[in-house]
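K.L.:
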Amino acid sequence: MAGSKTPTDKSTTYVLSRGMLPRLRSVIQRYRDARLIIIGYGFNAPGGAWRSIQHYHSFMATRGENVIRIARRAKYSARQMFMAFLAGRRVLFNGLDCFFHLEALLFCTFRRNVILYLHETEFVFNEFRETHPVRFRWLRWLIPRCRICCVSKRQEKFLRENFRAQNTHVVYENIMPPSPIVFDDAKTVILMVGSVEKRKGATLFSDLADLAKERGRDWSFCWVGPIASTQDVRMSPNVSWLGPRPDVFPFLDRCSLFFLASVDDPFPLACLEALSLHRKCVVYRNTGLSEVLESVDGCAVYEKYDAETALAAIDRAMATPLDTAKVDAINNNISSVSSFAARMNAVLEEIDSES
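If you use the working numbering, the sequence shown corresponds to residues 1 to 355, in order.
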């Protein structure tokens with residue numbers, strides 16, 4: 001009938017609200033309970049100003065501490081920064097480059113218990129003053145009102161004398177030397193390569209390591225890769241978290257089996273690298289390599305994304321000799337640069353034929 005309105009489904013509205021509110025409360029509580037929230041704009045940039053605080057984040061994460069890292073240029077980081085402003089009790093801004101951004105200056109102006117971890121001295125501060133005079137004066141006003149972490153006593157003296165810094169602490173810098181390859185060649189070594197985060201399956205890998213130990217498997221579980229995000233991630237002590245490495249091939253060469261823990265991955269390069277060394281691989285059905293590996297003896301695909309199913313798939317792979325002929329076919333016809341060039345050139349030739 002004209003003028004009639006569709007009645008509002010109040011029950012649906014209530015269910016959605018009821019589902020969203022607990023999630024929001026959980027997120028707020030996570031930020032409120034954080035031991036520290038780290039905000040930076042230059043993680044993984046050239047130079048070393050991000051490394052010490054990144055190492056600290058990784059160190060604390062492996063010990064189960066709730067330390068949140070916000071890489072401000074990353075997706076969704078604006079809402080993360082808002083949550084830090086709203087609920088965070090201890091927030092650290094890493095490096096002078098934060099204060100090229102107005103939002104960082106505003107954050108520090110209106111929030112208490114802000115820590116500035118500065119890595120710069122006179123030369124860089126002078127450049128900042130010349131290129132951003134208004135922001136420089138604002139920062140000069142902020143420094144005496146914030147807690148300052150310094151990288152040396154000399155820097156502390158500089159900040160005290162030139163910026164009237166009051167609450168200073170010398171924490172220095174740190175390095176994380178690469179650990180030696182810790183594989184026990186007498187054990188079966190299950191390896192994953194990738195950044196430690198929810199999508200890459202760090203929690204599944206942890207669950208798998210715990211279950212294997214519970215079932216009496218004398219296996220070593222190792223993960224090579226940086227910690228990207230510990231949100232909704234559990235890191236088991238039964239996994240050796242080896243951190244980032246410039247070259248993963250020595251680890252792939254010494255593993256018994258490569259286990260792809262990713263919940264989705266269109267075509268994972270680390271798995272191709274493992275295959276190039278004739279290593280057995282176990283992957284999840286929703287990843288791109290499952291279509292390639294499902295018919296290869298000595299490899300396996302797990303259909304359900306849980307530790308029980310994954311462990312059964314590993315058992316199947318370990319019990320079957322690797323079909324090296326099929327693996328060589330993958331190496332030569334799919335993952336080689338020459339085969340890629342042929343496929344790409346075919347696309348270009350098709351374009352040429354249509355023009």
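Built from N, CA and C at the ideal position, the CB exists for glycine as well.
Return helix, strand or coil for SER11, following the three-state DSSP convention.
P.N.:
Any reading at SER11 must be qualified, since the residue scores a pLDDT of 41, below 50, and its modelled position is unreliable; no value is offered.
K.L.:
Please report the distance separating the alpha-carbon of GLY194 from that of LEU311.
P.N.:
20 Å
K.L.:
Am I right that ARG199 and ASP306 are in contact with their C-beta atoms under 8 Å? What's the rounded C-beta distance?
P.N.:
Incorrect: roughly 16 Å between the Cβ atoms, too far for contact.
K.L.:
Taking the C-alpha atoms as reference points, what is the distance between ARG140 and VAL196?
P.N.:
The straight-line gap from Cα to Cα measures roughly 38 Å.
K.L.:
Indicate the three-state DSSP secondary structure (helix, strand or coil) for GLY64 in the structure shown.
P.N.:
Here DSSP, grouped into helix, strand and coil, assigns GLY64 to coil.
K.L.:
Leaving aside the five residues before and after THR287 along the sequence, list all residues of the same chain whose C-beta is less than 7 Å from its C-beta, in chain order.
P.N.:
LEU260, SER262, ASP264, ASP265 and PRO268
K.L.:
Assign HIS101 to one of three DSSP states: helix, strand, or coil.
P.N.:
coil
K.L.:
Could you tell me which residues DSSP pairs with VAL224 in its beta bridges?
P.N.:
For VAL224, which the question treats as bridged, DSSP gives the partners VAL193.
K.L.:
In the structure shown, what three-state DSSP assignment does ILE148 receive?
P.N.:
strand
K.L.:
Taking the alpha-carbon of VAL189 as reference, which of SER26, GLU173, PHE251 and ARG89 has the nearest alpha-carbon?
P.N.:
Selected option, being the one with the closest Cα: PHE251.
K.L.:
For ALA202, name the three-state secondary structure that DSSP assigns.
P.N.:
helix
K.L.:
From which residue to which residue does the alpha helix (DSSP H) around ALA84 run?
P.N.:
In the DSSP assignment, ALA84 falls within the unbroken alpha helix (DSSP H) covering 77-87.
K.L.:
In terms of residue numbering, what span does the beta strand (DSSP E) encompassing ALA300 cover?
P.N.:
300-302
K.L.:
Going by DSSP, which residues form a beta bridge with ARG69?
P.N.:
Answer by DSSP bridge pairing, in chain order: ILE38.
K.L.:
Let me know the alpha helix (DSSP H) ranges lying completely inside the stretch 258-343, each 4 residues or longer, listed in chain order.
P.N.:
269-276, 290-293, 307-318 and 324-333
K.L.:
Between which two residues does the alpha helix (DSSP H) carrying LEU242 extend?
P.N.:
Segment: none, LEU242 is in no alpha helix (DSSP H) and carries neither H nor E.
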